[in-house]
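Input: a single structure, listed below in structure tokens.
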Amino acid sequence: GYDVIIMDGNLDSHFINNLEQKFEKSRFVRVDAEVADKLIEKDEQRPSKLSNEQKEELRPVFKAHLSPSYAVMMENLSEDEMPILITQAEFMRRMKEMASMNAGMGFYGNIPDSYNLVVNANHPLIGKLAQDVDQKLGSKISELNNQLSPLTAEAEELKKAKAGKKDDEIKHEDKEKLESLEKQIDEINEKKNLSLNDYGKGNKIVKQLIDLALISNNMLKGEELNTFVKRSVELINVK
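Mind the numbering: the sequence shown is residues 1445 to 1683 in my numbering, read in order.
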């Protein structure tokens, strides 16, 4: 079961930490720390309308418009939920609140606020976006994946061979080979991410969806809000 508790005092973060230590099988989160569909843990998971590959390709598409303080998360929510939602990690919020009252926790107080941009993988608009990515970049991504496949397989074999061995038991040439493979893999993945990032930067719908989520959280202001309004008019006028 679950309960909603109103806690608006300065010491509540400390109090909740103590409660979690006392009641180990319970967890306490704010109602906006997760999307509503995920607040209560369920045994049965909703299936995804996107493949794992499509989800991974969408991450850098959305990252193109986000600062490092945002993490992109893909969730299989109801198609009636919003396409994009923004949440703030409970742990970091709690630590920052506690740091404001405890000089010994000053480290947490200096960390910038961090947010989760939650992409609803089952929303029709996200499905259309994934299809457009496939159409525009599918052949290029497939080519890069084909380059990755043998390199990844060879790297995995080398990792298996060195598993359980001490560093001085591994051949120098094997170490160099693995380092070379990992460098090549990183370079190809960087090419993929750059292509997807560039696609995201040039896609007005991607930015519009993010801005809608920001507005829902009262986080879009000033010039960014003005740009959103102008973009809205442009998108409505598109035939």
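C-beta atoms are modelled at their ideal positions from N, C-alpha and C, and glycine is treated no differently. Remember, it's a predicted structure, so these values are computed and weren't measured experimentally.
If you count every other CB in all the chains shown that lies within 10 Å of the CB of residue i, and 16 or more means buried, which is it?
{"i": "residue 1638", "result": "exposed"}
{"i": "residue 1607", "result": "exposed"}
{"i": "residue 1501", "result": "buried"}
Measuring alpha carbon to alpha carbon, tell me which of the options ends up nearest residue i.
{"i": "residue 1493", "options": "1674, 1681 and 1571", "result": "1571"}
{"i": "residue 1645", "options": "1499, 1675 and 1504", "result": "1504"}
{"i": "residue 1580", "options": "1659, 1531, 1489 and 1642", "result": "1642"}
{"i": "residue 1514", "options": "1521, 1520 and 1506", "result": "1506"}
{"i": "residue 1598", "options": "1627, 1617 and 1622", "result": "1622"}
{"i": "residue 1624", "options": "1662, 1596 and 1612", "result": "1596"}
{"i": "residue 1578", "options": "1495, 1613 and 1618", "result": "1495"}
{"i": "residue 1509", "options": "1649, 1490, 1576 and 1619", "result": "1649"}
{"i": "residue 1569", "options": "1611, 1590, 1559 and 1526", "result": "1526"}
Tell me, which residues are paired with residue i by DSSP?
{"i": "residue 1530", "result": "1561"}
{"i": "residue 1514", "result": "1559"}
{"i": "residue 1519", "result": "1564"}
When you compare only the Cα positions, how much space is there between residue i and residue j?
{"i": "residue 1499", "j": "residue 1530", "result": "17 Å"}
{"i": "residue 1586", "j": "residue 1636", "result": "10 Å"}
{"i": "residue 1574", "j": "residue 1667", "result": "29 Å"}
{"i": "residue 1670", "j": "residue 1592", "result": "43 Å"}
{"i": "residue 1616", "j": "residue 1632", "result": "25 Å"}
{"i": "residue 1629", "j": "residue 1677", "result": "42 Å"}
{"i": "residue 1664", "j": "residue 1679", "result": "19 Å"}
{"i": "residue 1561", "j": "residue 1528", "result": "7 Å"}
{"i": "residue 1567", "j": "residue 1651", "result": "16 Å"}
{"i": "residue 1524", "j": "residue 1564", "result": "10 Å"}
{"i": "residue 1583", "j": "residue 1601", "result": "28 Å"}
{"i": "residue 1662", "j": "residue 1647", "result": "23 Å"}
{"i": "residue 1594", "j": "residue 1604", "result": "15 Å"}
{"i": "residue 1688", "j": "residue 1588", "result": "Within the shown structure, residues of the chain are numbered from 1445 to 1683, placing residue 1688 beyond reach of any answer."}
{"i": "residue 1533", "j": "residue 1511", "result": "16 Å"}
{"i": "residue 1627", "j": "residue 1634", "result": "10 Å"}
{"i": "residue 1613", "j": "residue 1672", "result": "59 Å"}
{"i": "residue 1653", "j": "residue 1491", "result": "23 Å"}
{"i": "residue 1640", "j": "residue 1609", "result": "39 Å"}
{"i": "residue 1620", "j": "residue 1590", "result": "23 Å"}
{"i": "residue 1674", "j": "residue 1559", "result": "26 Å"}
{"i": "residue 1611", "j": "residue 1576", "result": "47 Å"}
{"i": "residue 1618", "j": "residue 1681", "result": "59 Å"}
{"i": "residue 1489", "j": "residue 1497", "result": "19 Å"}
Consider the Cβ of residue i: report whether some Cβ of chain B lies at a distance smaller than 8 Å.
{"i": "residue 1610", "result": "Annotation note: the requested chain B is absent from the structure, which comprises a single protein chain."}
Taking 7 Å as the cut-off, does the CB of residue i come closer than this to any heavy atom belonging to the ligand NAP?
{"i": "residue 1645", "result": "In the structure shown, the ligand NAP is absent, as is every other ligand, since no ligand is present at all."}
query = Just checking, does the region 1516-1523 make contact with the region 1655-1666 on the three C-beta pairs under 8 Å criterion?
reply = no
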